[in-house]
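Asker:
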Amino acid sequence: MDALLAELESWGPLAVSSIKALTVLVIGWIFAGIVSRAVRRRVLASETLDNTVGSFIAAAIRWAILIAVLATVLGIYGIEATSLVAMLGAATLAIGLALQGTMSDVAAGLLLIIFRPYKLGDYVDIGGTSGTVKDINLFLTELATPDNVKIVMPNGKAWGAVITNFSTHSTRRLDLAFGIDYGDDADKAMAIILDIAKAEERLHKDPEPWVRVTGLGDSSVNLTARLWCDSADYWELKFALTKAIKEAFDTNGISIPFPHVVQIRQDA
Numbered sequence: 350m351d352a353l354l355a356e357l358e359s360w361g362p363l364a365v366s367s368i369k370a371l372t373v374l375v376i377g378w379i380f381a382g383i384v385s386r387a388v389r390r391r392v393l394a395s396e397t398l399d400n401t402v403g404s405f406i407a408a409a410i411r412w413a414i415l416i417a418v419l420a421t422v423l424g425i426y427g428i429e430a431t432s433l434v435a436m437l438g439a440a441t442l443a444i445g446l447a448l449q450g451t452m453s454d455v456a457a458g459l460l461l462i463i464f465r466p467y468k469l470g471d472y473v474d475i476g477g478t479s480g481t482v483k484d485i486n487l488f489l490t491e492l493a494t495p496d497n498v499k500i501v502m503p504n505g506k507a508w509g510a511v512i513t514n515f516s517t518h519s520t521r522r523l524d525l526a527f528g529i530d531y532g533d534d535a536d537k538a539m540a541i542i543l544d545i546a547k548a549e550e551r552l553h554k555d556p557e558p559w560v561r562v563t564g565l566g567d568s569s570v571n572l573t574a575r576l577w578c579d580s581a582d583y584w585e586l587k588f589a590l591t592k593a594i595k596e597a598f599d600t601n602g603i604s605i606p607f608p609h610v611v612q613i614r615q616d617a
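Residue numbers are given in this note's numbering: position 169 of the sequence shown equals residue 518, and the series is strictly consecutive.
(1) Is the beta carbon of L460 less than 8 Å from the beta carbon of W508?
(2) Beta-carbon within less than 8 Å of T591's beta-carbon, same chain only, minus the 5 sequence neighbours each way: which residues are those?
(3) So, is F607 buried or exposed, given that buried needs 16 or more other C-beta atoms within 10 angstroms?
(4) Helix, strand or coil for K499, going by three-state DSSP, please let me know.
(5) Report buried or exposed for P495, applying the criterion of at least 16 other Cβ atoms within 10 angstroms of its Cβ.
(6) To the nearest angstrom, report how far apart S569 and D599 are at their CA atoms.
(7) Run through the DSSP bridge pairs and tell me what F527 is partnered with.
(8) Between which two residues does the beta strand (DSSP E) containing N486 stretch?
(9) Here's the rule: buried if 16 or more other CB atoms are within 10 angstroms of the residue's CB, otherwise exposed. What is A623?
(10) Under 8 Å Cβ to Cβ from D484, same chain only, skipping five residues before and after it: list those, please.
(11) Do you know offhand how far F488's Cα is from T517's?
(12) L446 to N504, Cα distance in whole Å?
(13) Tell me which residues share the same chain as K587 and place their Cβ nearer than 8 Å to its Cβ, disregarding the 5 neighbours each side in the sequence.
(14) What whole-angstrom Cβ distance do L415 and G377 have, given they're in contact under 8 Å?
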C-alpha cells in the first residue's frame with residue numbers, strides 16, 4: 350500500500366488530485382442513484398405519500414447530491430467554497446441566459462407538483478399529445494401512448510399548454526350517437542337503446558340513462574344516448590354498447606342510412 354501511495358505521489362500532485370476527484374465522482378454518482386431509488390421505493394410503498402411527489406423528490410435529492418459531489422471535486426483541485434460562490438455569482442447572468450429554457454422547465458415542474466393538474470398514472474391530453482403519465486422529474490414529463498410509445502415533454506411546455514385530465518374524476522359520461530332512417534320509428538329505436546342501457550350492469554342508474562332525438566340530418570334522424578359509468582369502464586362500454594345496439598337495430602328492423610354508389614352503364 351505504501352509503495353502504491355509512493356508511486357502515485359511520484360506522478361505529481363495533479364495526477365493524485367485527478368485520481369481522487371474521479372474516485373469521489375464515481376462514488377458520488379453511484380450513491381446519488383442508490384439514495385434516489387431508495388426514496389422512490391419508500392414512497393411507492395407508503396400509503397400516505399403521493400407517488401408523483403415522491404418521484405419529484407427523488408429526482409431533486411439525486412441532483413442535490415450530485416451538486417455536492419461536484420463541489421467536493423472542485424475542492425480537491427483547490428477551489429475553495431468561497432471562490433466557487435464568487436465564480437457562480439459572476440457567471441449567474443451568463444448561465445441564466447444560456448439555460449433559461451431549462452430553468453423554466455424546473456420552475457414549471459415545481460408548479461406541476463404544487464397545483465397537481467395530473468399525477469403518475471393519469472391519462473391526459475397535454476396540448477394535443479395524449480398518454481399515461483409515467484414520470485415527472487425536475488425537467489421533463491414522460492408519457493406513454495396507448496400503443497406504448499414513449500413521449501418526453503419539457504415541463505415548461507406542459508405547464509403552458511391546455512391540460513385535459515381524463516382520470517381526475519371517478520365517473521364519466523358516455524355519449525353514443527346513432528342515425529336511423531326517416532321511415533323508422535324513433536320511439537322504438539330509443540326504447541331499444543334504453544333497454545340495452547338498463548340491462549348493462551356497469552352503467553350507473555343515477556343519473557338515469559338519457560336518450561333523445563338530437564337532430565334531423567340530411568338522410569337520418571339523429572339519436573343521442575347519454576350514459577354514466579366508471580372512468581375505468583368507459584372504453585369497454587363504448588365498444589360493447591355500440592355493437593349491441595347495432596345488432597338490436599338489425600333484429601328489430603331499424604335501419605342505419607349509409608351512402609349508396611349507383612353505377613350507370615350505357616350499352617353501346
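Using N, Cα and C, we set each Cβ at its ideal position, and we do this for glycine too.
Answerer: Result, derived from the coordinates:
(1) yes
(2) L525
(3) exposed
(4) strand
(5) Under this definition P495 is an exposed residue.
(6) The straight-line gap from Cα to Cα measures roughly 16 Å.
(7) The beta-bridge partner set that DSSP reports for F527 consists of L572.
(8) Neither: N486 is in no beta strand (DSSP E) and is coded neither H nor E.
(9) Summary: the structure shown does not reach residue 623, with the chain confined to residues 350 through 617, and so no result is reported for it.
(10) S404, L469, T490, E491
(11) 23 Å
(12) With a pLDDT of 45 at L446, under the threshold of 50, the predicted position of this residue should be treated as unreliable, and no value is reported.
(13) Taken in chain order, the residues that qualify are L523, L525.
(14) Between L415 and G377, the beta carbon gap of about 7 Å places them in contact (Cβ cut-off 8 Å).
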